[in-house]
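Student: With the sequence shown counted from 1, adding 34 to any position gets you this note's numbering.
Heads up, the beta-carbon is just placed ideally off N, CA and C, and yes, glycines get one too.
From a predicted model like this one, the values you see are computed outputs, not experimental measurements.
Provided herewith is a single structure, encoded as structure tokens, for subsequent inquiry.
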Amino acid sequence: MRRRALLAAGAALPWAGAARAQGWPERPIRFIQGFGPGGTTDILARLLAPELARALGQPVVVENKPGAGGTLAAETLAHARPDGSTMMLLNNGFAASAAIFSRLPYDPLVDVVPATVVASMALVLLVAPNAPWPSLRAMLQAARAQPGGLNLATVGVGSTQHFAAEALQAATGTRLTHVPYRDTPAALVALRRGDVQLVMETAAAVLPQVRAGEARALVATTARRFPGLPEVPTAQEEGVEGFLQATWYAIGFPGGTDASILWRLQAELARLMTDPALRAKLEGLGLSPIVSTPDAARALVEVEIDRARRLVLSANIPQQ
């Protein structure tokens, strides 16, 4: 993830754009996201929706459309009317899908236009509380002794979590068996049952389970320790170099949406993010609030798609 793109400051809403966006929104906004209830994308969408509804003067209704690593939701967005009545909470999975699927029913750089990046956070690698590995080093040793013998769950092929798992394998020379599930709760149930031995998930989605002792985090995927789980080491601390996988979240609209709508949303979010109460809620979930310009958001998505495509090639990830 490119830090400069993520931290790009939001610019002021142009006067001409403000005039064109004056009537938006004229109806309730459909806020879709590509994963099931309980995951970080869902949590973040439901946290932002009421704040945006108050700011924009129209209901903002969250709709879950899980499946295919978020591509079903992205297809819905891409084919929606570009009038600002449909938007989507994008994440790394949007970029990963552009790399892992040889054919998509939309062009990720044409049919979807990002308005702003809103947050970033770490992922964590989970094991069951009674797992025999006290550390990432011990787990990797077991994985190397039995290639493909350990099952790793994610929320779907092409998801952020899937690509983080693939990047971990590429960085450590291990081979794990990927088992995709429809959502975070299903993956955690599989971990408790012993159907899988590992789960790669965003930190916010599994904080309650880790703090309750229902799962154990072996490692965080960012350069620094995750503040919500300060006892969990980073991959670098565990001897794994070149493995950094923060996840990001951005709001996108259908291609062809007037730029004034993108700037209006960006301006409202920039104002909302100055609210200490909202920032505290986000940071309490382990999310780092961000507001970028539409141009910076698009640049980030382009960089991430390119990075995902290079990972597919270097890690020999089969295209779907």
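Using only alpha-carbon positions, find the residue among I339, G192, R313 that is nearest to P323.
Tutor: Walking along the sequence shown from the start, residue 323 turns up at place 289. Cα-wise, what sits closest to P323 is R313.
Student: Give the secondary structure of T372 by DSSP, where H, G and I count as helix, E and B as strand, and everything else as coil.
Tutor: Any property of residue 372 remains undetermined from this structure, which presents the chain solely from 35 to 354.
Student: For G286, which residues does DSSP report across the bridge?
Tutor: Here residue 286 refers to the residue found at position 252 of the sequence shown. For G286, which the question treats as bridged, DSSP gives the partners M122, P148.
Student: Identify the residues that DSSP records as bridge partners of L232: which are they?
Tutor: The count along the sequence shown starts at 1 and reaches residue 232 at position 198. L186, per the DSSP bridge assignment.
Student: Quick check on V335: does DSSP put it in helix, strand or coil?
Tutor: Looking up residue 335 in the sequence shown gives position 301. Reduced to three states, the DSSP call for V335 is helix.
Student: On the CB-based measure, 16 or more other CB atoms within 10 Å of its CB, does A43 come out buried or exposed?
Tutor: Position 9 of the sequence shown, counted from the first residue, corresponds to residue 43. With a pLDDT of 35 at A43, under the threshold of 50, the modelled position of this residue cannot be trusted, and the question is left open.
Student: Between the alpha carbons of A304 and D292, how many angstroms are there, rounded?
Tutor: For the purposes of this step, residue 304 is taken as the residue at position 270 of the sequence shown. For the purposes of this step, residue 292 is taken as the residue at position 258 of the sequence shown. Cα-Cα distance, rounded: 19 Å.
Student: Under the three-state reduction of DSSP, which class applies to I77: helix, strand or coil?
Tutor: Against the sequence shown, residue 77 aligns to sequence position 43. Three-state DSSP puts I77 in a helix.
Student: Could you give the C-beta distance for G68 and A107, rounded to a whole number, given that I count them as a contact under 8 Å?
Tutor: Taking the sequence shown and counting its residues from 1, the one referred to as residue 68 is at position 34. Taking the sequence shown and counting its residues from 1, the one referred to as residue 107 is at position 73. With 8 Å as the limit, G68 and A107 qualify as a contact, their Cβ atoms being about 3 Å apart.
Student: Mind reading off the beta-carbon distance from G101 to G192? Whole number of angstroms is fine, and I expect it under 8 Å.
Tutor: As a working note, residue 101 is residue 67 in the sequence shown. As a working note, residue 192 is residue 158 in the sequence shown. G101 to G192, Cβ: 10 Å. No contact.
Student: So what's M307 in DSSP terms, helix, strand or just coil?
Tutor: Residue 307 sits at position 273 when you count from the first residue of the sequence shown. Three-state DSSP puts M307 in coil, outside helix and strand.
Student: Please report the straight-line C-alpha distance between P139 and A112, rounded to a whole angstrom.
Tutor: Position 105 of the sequence shown, counted from the first residue, corresponds to residue 139. Position 78 of the sequence shown, counted from the first residue, corresponds to residue 112. Each residue's alpha carbon lies about 9 Å from the other.
Student: From T256, L334, A221, L81, pick the residue whose C-alpha is nearest to that of L186; which is it?
Tutor: In the sequence shown, the residue the question calls residue 186 occupies position 152. Selected option, being the one with the closest Cα: A221.
Student: Find the nearest neighbour of A205 within the set Q270, L316, E302, I66, judged by alpha-carbon distance.
Tutor: Along the sequence shown, read from residue 1 onward, the residue named residue 205 stands at position 171. Comparing Cα-Cα distances from A205 to each of Q270, L316, E302, I66, the minimum goes to Q270.
Student: Following the continuous beta strand (DSSP E) through T110, name the residue where it begins and the one where it ends.
Tutor: Here residue 110 is taken as the residue at index 76 of the sequence shown, counted from 1. Taken as a continuous stretch (DSSP letters only), T110 belongs to no beta strand (DSSP E), being part of the alpha helix (DSSP H) at 105-112.
Student: Excluding the 5 residues flanking G286 on each side, which residues of the same chain have their C-beta closer than 7 Å to its C-beta?
Tutor: Here the question's residue 286 lines up with position 252 in the sequence shown. Hits under 7 Å: L111, M121, M122, L124, V146, V147, P148, A149.
Student: Starting from the C-beta of A331, find all residues in its chain whose C-beta is less than 7 Å away, skip the five residues before and the five after it, and write them out in chain order.
Tutor: For the purposes of this step, residue 331 is taken as residue 297 along the sequence shown, with counting starting at 1. P148, A149, T150, V151, A284, listed in sequence order.
Student: Of all the options Q354, W282, P163, I295, which has the alpha carbon lying nearest to the alpha carbon of A153?
Tutor: Within the sequence shown, residue 153 is the residue found at index 119, counting from 1. For the residues Q354, W282, P163, I295, the minimum Cα distance to A153 belongs to W282.
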